[in-house]
Amino acid sequence: ILKSYELMLDFYGFQLIDNTTGELRRSSDDSYEERFRNLNLSSHNYLRITRILKCLGEFDYEYLKFPFLAKILFESITENTLPN
Numbered sequence: 039i040l041k042s043y044e045l046m047l048d049f050y051g052f053q054l055i056d057n058t059t060g061e062l063r064r065s066s067d068d069s070y071e072e073r074f075r076n077l078n079l080s081s082h083n084y085l086r087i088t089r090i091l092k093c094l095g096e097f098d099y100e101y102l103k104f105p106f107l108a109k110i111l112f113e114s115i116t117e118n119t120l121p122n
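According to my numbering, the sequence shown is numbered sequentially starting from 39.
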C-alpha cells in the first residue's frame, strides 16, 4: 500500500519524505509543475483523492491522510499552484 501511495504522490508531483509522519514535499525535480496540471485538468482527480484518503484509512495508514490533505490545501490556497 505504501509503495502504491508513493506512486500516486509521484503522479501528482509530490514525494513522501518520512513514511512515519507522512511529511510530503514537492517532487525534487522540476516536473512538479507539469504533474500539478494532472490535478487541475479535471474534477475526476478529486474523486481519486477521496479514494486515496479512504484507502489509507482502511489499511491502517490513517496518519498519512492529514499530511496529504494539508499539502494539497497548502498548494491550492497558499501557493495558488492548484487554482481549480
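Cβ atoms here follow ideal geometry from the backbone N, Cα and C, with glycine treated the same way.
With a cut-off of 8 Å on the beta carbons, I'd call residue i and residue j a contact; round off their distance for me.
i	j	result
Y99	I39	6 Å
Just the Cα atoms here: how many angstroms apart are residue i and residue j?
i	j	result
L77	C93	19 Å
L85	L91	10 Å
S65	K41	16 Å
T88	R75	18 Å
Could you check what DSSP says for residue i in three-state terms: helix, strand or coil?
i	result
E61	strand
D68	coil
F74	helix
Just mark residue i as buried or exposed, buried being the case when its beta carbon has 16 or more other beta carbons within 10 Å.
i	result
I55	exposed
Cβ-heavy atom distance between residue i and the ligand FAD below 7 Å?
i	result
R86	Summarising the ligand content, the structure contains no ligands, and the ligand FAD is consequently not present.
Can you check which of these residues, the options, is closest to residue i by C-alpha distance?
i	options	result
E113	S80, E44 and R73	R73
Y70	Q53, L79, S81 and S80	Q53
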